[in-house]
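Peer 1:
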Amino acid sequence: MPTAFITGATAGIGAAFARRLASDGFDLVLLARDAERLERTAAELREKYAVRAEALPADLSAEEGLGAAEERARRDVDLLVNNAGFGNRGVFLDVPVSDEVTMLRVHCEAVLRLTHAAVPGMLERGRGAVVNVSSMAAFATRGTYGASKAWVVSFSRGIAADLRQRSRGGVRVMALCPGFVRTEFHERAQMDMSGLPEFMWLDKDDVVDAALRDLRRGVEVSIPGAQYKALAGAARLVPRGLVTRLSSTTGRRYD
Ligand SMILES: NC(=O)c1ccc[n+]([C@@H]2O[C@H](COP(=O)([O-])OP(=O)(O)OC[C@H]3O[C@@H](n4cnc5c(N)ncnc54)[C@H](OP(=O)(O)O)[C@@H]3O)[C@@H](O)[C@H]2O)c1
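For the sequence shown, UniProt numbering begins at 1 and goes up steadily by one.
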């Protein structure tokens, strides 16, 4: 059985990846901070899909948690999904700088170190994949969040090219860039999303479905949903100042 390691696996997009990969026959390593919820999630998946599901409680913003995750990622991981992430409440200067640094640790340092830990084993076996969950915010202007997600796209693109050559296409890396997805994300960041039009919302299972389809096809930057593919195309054509104005405000009201 292949093994998938998913960070942020207890809620939202990560939980959707866990269910879908279990139903596809993957054994799982699931990571999040809330140990009780994590064990419950693992037990449900073991029961429902008859797969192995290890619970690895860890905080990716802390050295101890990230070190433990790295150690596990070095052993037999065929698919790494770097998904854990969060939004801070408020715009730059409203947010304590320590929270912004925590975001960079989880969105960038953890993605870098877990990829670095998992890929050598994949290269040895001649196959494997890494999905780094970025965001449409990578193409927009959304403070530290957007900047961290832009790093994820750039990092993923760069190593995808290196690894394609070294593994003759056996090891793939893809950045996944969803738009707004109904998960716990916005509530956790106390964002008021009531003004967002219905067509802008994506379903988490559809996002995972599109991601895995794109990964099979060798896509390097996956943008789920026709509306967001169109937006990404349009953003290249309209003036940068307008993109900045719209993207720094859309869906960005805080309770
Ligand atoms: N929802 C959207 O609209 C949207 C759009 C584009 C991109 N994304 C990205 O998609 C990813 C998943 O977000 P989501 O919407 O599914 O959020 P979510 O529903 O809030 O789930 C976040 C998951 O990450 C875990 N997590 C958070 N901080 C962590 C830490 N320091 N260490 C370990 N685990 C941590 C949470 O569990 P614990 O709290 O127990 O740790 C939870 O399992 C994020 O990278 C986000 O930036 C989301």
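Note that CB positions come from ideal geometry on N, CA and C, so glycine has one too.
Taking DSSP's pairing of strands, which residues face F180 in a bridge?
Peer 2: Taking the first residue of the sequence shown as 1, we reach residue 180 at position 180. F180 is bridged to W201.
Peer 1: Ignoring anything shorter than 4 residues, give me the alpha helix (DSSP H) runs that lie fully in the stretch 134-177, in order along the chain.
Peer 2: 143-167
Peer 1: Please go through the same chain and pick out, in chain order, the residues whose beta-carbon is closer than 7 Å to the beta-carbon of G85, but skip the five residues on each side of it.
Peer 2: Position 85 of the sequence shown holds residue 85. Cβ neighbours of G85 beyond the five flanking positions: G8, V106, H107, V133.
Peer 1: Taking Cβ to Cβ, would you say S135 is nearer than 8 Å to P197?
Peer 2: Here residue 135 is taken as the residue at index 135 of the sequence shown, counted from 1. Here residue 197 is taken as the residue at index 197 of the sequence shown, counted from 1. Going by C-beta atoms, S135 is not nearer than 8 Å to P197.
Peer 1: For W151, tell me which candidate among A110, P120, R172 has the shortest Cα-Cα distance.
Peer 2: Position 151 of the sequence shown, counting from 1, holds the residue named residue 151. The candidate whose alpha carbon is nearest that of W151 is A110.
Peer 1: Going by DSSP, what residue range makes up the alpha helix (DSSP H) through residue 338?
Peer 2: Residue numbering for the chain in the displayed model covers 1 to 255; residue 338 lies beyond these limits and cannot be assessed.
Peer 1: Should N83 be counted as a contact of ligand 1 given a C-beta to heavy atom distance under 7 Å?
Peer 2: For this step, residue 83 is matched to residue 83 along the sequence shown. Yes.
Peer 1: What does the alpha-carbon distance come out to for the pair E39 and L93?
Peer 2: Here residue 39 corresponds to residue number 39 of the sequence shown, with the count starting at 1. Here residue 93 corresponds to residue number 93 of the sequence shown, with the count starting at 1. The alpha-carbon atoms of E39 and L93 are separated by roughly 37 Å.
Peer 1: With a threshold of 7 Å (Cβ to nearest heavy atom), would D34 be considered close to ligand 1?
Peer 2: Locating residue 34 in the sequence shown gives position 34, counting from the first residue. At least one heavy atom of ligand 1 lies closer than 7 Å to the C-beta of D34.
Peer 1: I need the boundaries of the alpha helix (DSSP H) containing T102, first residue and last residue.
Peer 2: One-based indexing of the sequence shown puts residue 102 at position 102. T102 -> alpha helix (DSSP H) spans 97-104.
Peer 1: How many angstroms separate the CA atom of D203 from the CA atom of E64?
Peer 2: Residue 203 sits at position 203 when you count from the first residue of the sequence shown. Residue 64 sits at position 64 when you count from the first residue of the sequence shown. C-alpha separation (whole angstroms): 33 Å.
Peer 1: Tell me, which residues are paired with P57 by DSSP?
Peer 2: Locating residue 57 in the sequence shown gives position 57, counting from the first residue. Paired residues: A32.
Peer 1: Look up L114 in the DSSP assignment and give the residues it is bridged to.
Peer 2: Counting from one through the sequence shown, the residue named residue 114 turns up at place 114. According to DSSP, L114 bridges with nothing at all.
Peer 1: For the stretch 61-78 against the stretch 41-51, do three or more pairs of beta-carbon atoms, one drawn from each stretch, fall closer than 8 Å, so that the two count as touching?
Peer 2: no
Peer 1: Going by beta carbon distance, what residues of the same chain come within less than 7 Å of A189, once the five residues before and after it are set aside?
Peer 2: Residue numbering aside, residue 189 sits at position 189 when the sequence shown is read from its first letter. For A189, where only same-chain residues beyond five positions count, the Cβ hits under 7 Å are F86, G87, N88, R89.
Peer 1: Specify the secondary structure class of V51 as computed by DSSP and reduced to three states.
Peer 2: Here residue 51 corresponds to residue number 51 of the sequence shown, with the count starting at 1. Coil at V51, not helix or strand.
Peer 1: If I'm right that A138 touches R157 with Cβ under 8 Å, what's the distance once you round it to whole angstroms?
Peer 2: Locating residue 138 in the sequence shown gives position 138, counting from the first residue. Locating residue 157 in the sequence shown gives position 157, counting from the first residue. Wrong, their Cβ atoms sit about 11 Å apart, outside the cutoff.
Peer 1: Cβ of L231 within 7 Å of any heavy atom in ligand 1?
Peer 2: For the purposes of this step, residue 231 is taken as the residue at position 231 of the sequence shown. Incorrect: L231 has no Cβ contact closer than 7 Å to ligand 1.
Peer 1: Assign L80 to one of three DSSP states: helix, strand, or coil.
Peer 2: Here residue 80 refers to the residue found at position 80 of the sequence shown. Correct three-state label for L80: strand.
Peer 1: Contact between the stretch 124-133 and the stretch 73-82: three or more CB pairs below 8 Å?
Peer 2: yes
Peer 1: If I follow the unbroken beta strand (DSSP E) through I6, where does it start and stop?
Peer 2: Walking along the sequence shown from the start, residue 6 turns up at place 6. First-last of the beta strand (DSSP E) with I6: 3-7.
Peer 1: List the residues that DSSP assigns as beta-bridge partners of D221.
Peer 2: Numbered from its first residue, the sequence shown carries residue 221 at position 221. The identity of residue 221 in the sequence shown is Val, whereas the question assumes Asp. DSSP output for V221 lists A175 as bridge partner(s).
Peer 1: Pull up the distance between the alpha-carbon of L30 and that of A42, whole angstroms please.
Peer 2: Position 30 of the sequence shown, counting from 1, holds the residue named residue 30. Position 42 of the sequence shown, counting from 1, holds the residue named residue 42. The C-alpha of A42 is placed about 7 Å away from the C-alpha of L30.
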